[in-house]
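Have a look at the structure below before the remarks.
2 protein chains.
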Amino acid sequence: MSALDSIDAAMLRILQQNGRISNAELAERVGLSPSACSRRLDILEKSGVISGYHAHLSQKALDYRMIAIVHISLSGQFAKTLAEFEAAVKLCPNVLVCYLMSGEYDYILRVAAKDLADYERIHRDWLSALPHVVKINSSFALREIIDRPNVGV
Amino acid sequence: MSALDSIDAAMLRILQQNGRISNAELAERVGLSPSACSRRLDILEKSGVISGYHAHLSQKALDYRMIAIVHISLSGQFAKTLAEFEAAVKLCPNVLVCYLMSGEYDYILRVAAKDLADYERIHRDWLSALPHVVKINSSFALREIIDRPNVGV
DNA sequence: CCGTCTTCGCAAGGACATTGCGCGGGACTT
DNA sequence: AAGTCCCGCGCAATGTCCTTGCGAAGACGG
Chain A
0 MSALDSIDAA
10 MLRILQQNGR
20 ISNAELAERV
30 GLSPSACSRR
40 LDILEKSGVI
50 SGYHAHLSQK
60 ALDYRMIAIV
70 HISLSGQFAK
80 TLAEFEAAVK
90 LCPNVLVCYL
100 MSGEYDYILR
110 VAAKDLADYE
120 RIHRDWLSAL
130 PHVVKINSSF
140 ALREIIDRPN
150 VGV
Chain B
0 MSALDSIDAA
10 MLRILQQNGR
20 ISNAELAERV
30 GLSPSACSRR
40 LDILEKSGVI
50 SGYHAHLSQK
60 ALDYRMIAIV
70 HISLSGQFAK
80 TLAEFEAAVK
90 LCPNVLVCYL
100 MSGEYDYILR
110 VAAKDLADYE
120 RIHRDWLSAL
130 PHVVKINSSF
140 ALREIIDRPN
150 VGV
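Protein chains in written order, with numbering that gives the first Met the number 0: chain A, 0 to 152; chain B, 0 to 152.
And the structure:
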């Protein structure tokens, strides 16, 4: 996998903001012929630099309307403890985001649920079953103020 | 704007997972002719149900590598106080996500920065300038475990 | 029972994506 | 410095796809 040059970077910047742009227009905006652009795009996709394309829906169209922010502390910071926790949390499909954090808690999770009953199920079946957890703190999003896919978009 | 039927819902579900699928294949997977599918997609986009399409990049390709989670408390919960804060926070391009929350803090923000110096600038120029703030608590993501665009993807 | 409205499928024309091919410029060797 | 290799480009062609106009079928209400 070779390094990204400035044309690749321009392509990525455009595709972050408009993932459904046609190859022809993308080529024009980065100053390439459509064929060269198509070949570069193919490389970016196959090498994994672009991991996918996704439609961004307005909140009223979403099935999963409820967002919970979950702070979790583990019983230790040993590599094995972290690895076991992370392997388990990856299996829960409702966890959209999970970061290992600095600060008071070890992990922060963003969990999507359809409603409160659905969240109760997720909490019971998934979150409570995560290994090495000593503290779980759930907060709910009352309202979404901003949800941008990328910086400055 | 009419309600979404089951075909619209199927289209949205597919487009959430593959935003660059061709109209022809999308039509086939929801059981419509390409022309009918194209017209429905046009309506979904123009009515705002689909707010955009975005390429999802692997973290190594991103300019903005550093993620900060910022908890903020305001001096009150009056509608005017919240509205003024929200109007101000929307102006900062580095704030990717902002929720009004239940729990200890009033707002939680996900902020993207290029590096620590960039974050220091954002904190100084934007976050510190937000109105009615009485407490700011920044934590940094040490490692990304999960970053899914949608449930179960 | 008829008019209207909506949404479908079909067909055509124009745009688009992709692949093979040949060229040119840079790097490296002799 | 000349030769060679190799990577990436543009061009061209072909097959596919997207879109729009058109007519028909069904739902609904007067």
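All residues carry an ideal CB built from backbone N, CA and C; glycine is no exception. Being a predicted model, the structure only gives us computed values, none of them experimental.
Residues sharing a beta bridge with residue i, DSSP
i, result
"F139 (chain A)", "A:A67"
"R109 (chain B)", "B:I68 and B:V96"
"H53 (chain B)", "A:H53"
"I145 (chain A)", "B:C97"
Beta carbon of residue i nearer than 8 Å to that of residue j
i, j, result
"Y104 (chain A)", "I71 (chain A)", "yes"
"D146 (chain B)", "V110 (chain A)", "no"
"L40 (chain A)", "A60 (chain B)", "no"
"F84 (chain A)", "L129 (chain A)", "yes"
"Q15 (chain B)", "L56 (chain A)", "yes"
"I202 (chain B)", "V29 (chain B)", "Here chain B covers residues 0 to 152 and nothing more, so residue 202 (chain B) does not appear."
"V132 (chain B)", "L108 (chain B)", "no"
Spatially closest choice to residue i from the options, by CA coordinates
i, options, result
"A87 (chain B)", "B:F77, B:A2, B:L126 and B:L95", "B:L126"
"I13 (chain B)", "A:V150, A:V69 and A:H53", "A:H53"
"L99 (chain A)", "B:D4, B:S138, B:H55 and B:C36", "B:S138"
"L90 (chain B)", "B:S37, B:K45 and B:D124", "B:D124"
"G151 (chain B)", "A:L141, A:H131, A:V94 and A:A140", "A:V94"
"L73 (chain B)", "B:P33, B:K134, B:R120 and B:V29", "B:K134"
"G47 (chain B)", "B:A2, B:C36 and B:H131", "B:A2"
"R142 (chain B)", "B:R64, B:L43, B:C36 and B:P33", "B:R64"
"S140 (chain A)", "A:A112, A:R120 and A:H122", "Checking the sequence shown, residue 140 (chain A) turns out to be Ala, not Ser. The candidate whose alpha carbon is nearest that of A140 (chain A) is A:A112."
C-alpha distance - residue i paired with residue j, whole-angstrom precision
i, j, result
"D172 (chain A)", "L31 (chain B)", "Not covered by the structure: residue 172 (chain A). The range shown for chain A is 0 to 152."
"I144 (chain A)", "S101 (chain A)", "25 Å"
"N169 (chain B)", "A8 (chain B)", "Since the first and last residues shown for chain B are 0 and 152, residue 169 (chain B) lies out of range."
"S50 (chain A)", "D62 (chain B)", "16 Å"
"D4 (chain B)", "P92 (chain A)", "25 Å"
"Y106 (chain B)", "Q58 (chain B)", "26 Å"
"A116 (chain B)", "R38 (chain B)", "48 Å"
"C36 (chain A)", "C36 (chain B)", "28 Å"
"R120 (chain B)", "N136 (chain B)", "16 Å"
"S34 (chain A)", "K45 (chain A)", "17 Å"
"L81 (chain B)", "H122 (chain A)", "30 Å"
"G75 (chain A)", "I42 (chain B)", "52 Å"
Please determine if the region 23–30 of chain B and the region 16–36 of chain A are in contact, where contact requires at least 3 C-beta pairs separated by less than 8 Å.
-> No, because fewer than three Cβ pairs between the region 23–30 of chain B and the region 16–36 of chain A fall closer than 8 Å, the two stretches do not touch.
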